[in-house]
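To start, the structure itself, in structure tokens.
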Amino acid sequence: MSKSTVLVQIAAVAATISLTACIGTSQCPAPDDTLVQKKPIILGQDTVRAAETQTGTHTEMQVVTGDSATQLLDQFKLTTPDQAPDVTPTVLVQTRVDTVLMMLPPCDKTHFSHCTLETTMDPYKAFPALANYVFNYADTLSRAGQTDSASVILNSFSSMAPMWQEWQAYSDTLRNDFGKRREEKAKEFESMALQIQNMNRVQASYSMVAETADSLIAQLAPGDSLANWAAGQKKIAYTNTLKKATKEFNEIKVLADEKAQFAEARKQTETFRIRYRDFEDTLHVQDFLKHVDELEKSLDSETAKMWEKNDPEKALAQADTLIANEKFEKAKDLLNKLKSSKFRKEANEKYIALADAYCNKQRKTTSQIFAKSLKQTDEAKKKKLLNDAIAPLDKCLAEFPETTQREKVESNRKFIEKELAK
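So the sequence shown is numbered by numbering that gives the first Met the number 0: it starts at 0 and just counts up by one.
Take a look at the structure:
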């Protein structure tokens, strides 16, 4: 098969594909139309031009729809063997590869100009779609009684085999070229990639890894495999650094929440913010500083100064003795003062123990009074005893609302109220 014959057959395929735009309209060519020959094109030439879009300059298909498609169809005619028996039924039309590609399903039916080759050129979808368009158009012509014209279109498929071989060979050539480009790019950025990888191995800070990775990504095209790898390395660095930052920040929180060292907590927090600026919002650093201010205001500063001259550790031991001897008022006062010392955590823990001890005693008192009420036959006196039994429970909730006994105390109170209602 000569080169000129192949070119003519290629043009025929392009033309028949372009005809599909008139399906369902009144613009389909009739079998008695005359043949108009145009200069064929060579597939594989650079026939796609750059176009200006809202997102910048990039290569796009030239999409033609509506009236433009109808005008395109008017550029050529079909003939049938009956009308031109001595002429080979071949359609010649001057067109462009991007005009043929317009027959592909658009990626956006509203904004055709935004359909780039990158988003639409999927061979597994494009070639079957083109073939189906050809078949549908041939079927439409046949149903309309134009069987000769339909046959002309289908006969074009017989010339496809040589072109497929050429395309496959060209595909292999392109793949080899792509591989060489990847190797060249890998060598060019090898040192930077190794640097990023080594920084993550030693768990360098996220800011250092991100700076190097961003520098690498800026030199690559969007979607490049090496750029995607660098972005993945940034995520690894972020996770590693966040874990480290969280641990350090929790240690700073202990200074305020458990040791009442508010000034030191603020100092270390400011240093922390400088070292971990990328994580300030994630760890809610500003909210913590507000918490420190509120916590400090809730404590007596004079009492805090008292522990500079007195031993808070001995005071903690004294609080244990006071609780054991049921001197709850003195124990409560001492523990509240100890919350302003470096033993704030221990003071909070003993305060809960104090609250439970106090409320247990009140519940015991309630139980004793309730037992007396059960033996009382006089209804008035019985109701008075039941009211007296509620009083210790109310004292518990008023003195120590944070007690772990709260649920039990409230349950006991509801039970006695039901007895009073009888």
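Using N, Cα and C, we set each Cβ at its ideal position, and we do this for glycine too.
Secondary structure at residue i, three-state DSSP: helix, strand or coil?
{"i": "Pro311", "result": "helix"}
{"i": "Tyr350", "result": "helix"}
{"i": "Pro400", "result": "coil"}
{"i": "Phe188", "result": "coil"}
{"i": "Gly178", "result": "helix"}
{"i": "Leu334", "result": "helix"}
{"i": "Ala316", "result": "helix"}
{"i": "Leu201", "result": "It should be noted that the sequence gives Val, not Leu, for residue 201. Coil at Val201, not helix or strand."}
{"i": "Pro221", "result": "coil"}
{"i": "Tyr275", "result": "coil"}
{"i": "Glu269", "result": "helix"}
{"i": "Ser158", "result": "helix"}
{"i": "Ala168", "result": "helix"}
{"i": "Asp280", "result": "coil"}
{"i": "Ala130", "result": "helix"}
{"i": "Asn324", "result": "coil"}
{"i": "Ser214", "result": "helix"}
Considering just the uninterrupted stretch of the alpha helix (DSSP H) at residue i, what are its terminal residues?
{"i": "Gly231", "result": "Ser224 to Asp256"}
{"i": "Phe287", "result": "Val284 to Lys296"}
{"i": "Asn154", "result": "Thr146 to Asn154"}
{"i": "Phe414", "result": "Arg405 to Ala420"}
Using only the alpha-carbon positions, how far apart do residue i and residue j sit?
{"i": "Ala220", "j": "Arg180", "result": "13 Å"}
{"i": "Asn135", "j": "Val151", "result": "14 Å"}
{"i": "Glu183", "j": "Glu279", "result": "40 Å"}
{"i": "Phe415", "j": "Tyr357", "result": "The question names Phe, yet the displayed sequence has Ile at residue 415. Rounded to whole angstroms, Ile415 to Tyr357 spans 20 Å at the Cα level."}
{"i": "Glu312", "j": "Ala346", "result": "10 Å"}
{"i": "Glu250", "j": "Phe261", "result": "13 Å"}
{"i": "Leu129", "j": "Leu193", "result": "46 Å"}
{"i": "Ser206", "j": "Lys186", "result": "25 Å"}
{"i": "Arg343", "j": "Thr320", "result": "18 Å"}
{"i": "Leu384", "j": "Asn324", "result": "28 Å"}
{"i": "Val99", "j": "Ala137", "result": "Residue placement at Val99 cannot be trusted, given a pLDDT of 44 that sits under 50; what the coordinates show is reported in the next sentence. In a straight line, the C-alpha of Val99 is about 17 Å away from that of Ala137."}
{"i": "Phe327", "j": "Gln202", "result": "52 Å"}
{"i": "Asp355", "j": "Ile322", "result": "10 Å"}
{"i": "Phe426", "j": "Asn131", "result": "Coverage of the chain is limited to positions 0 through 421, which leaves residue 426 absent and any answer about it impossible."}
Contact defined as beta carbons within less than 8 Å: I believe residue i pairs with residue j. What is the distance between those atoms, to the nearest angstrom?
{"i": "Lys338", "j": "Leu298", "result": "6 Å"}
{"i": "Ile195", "j": "Ala229", "result": "6 Å"}
{"i": "Phe369", "j": "Ala388", "result": "5 Å"}
{"i": "Ala226", "j": "Ile235", "result": "About 15 Å separates the two Cβ atoms, so there is no contact after all."}
{"i": "Leu288", "j": "Thr270", "result": "With 8 Å as the limit, Leu288 and Thr270 do not qualify as a contact, their Cβ atoms being about 13 Å apart."}
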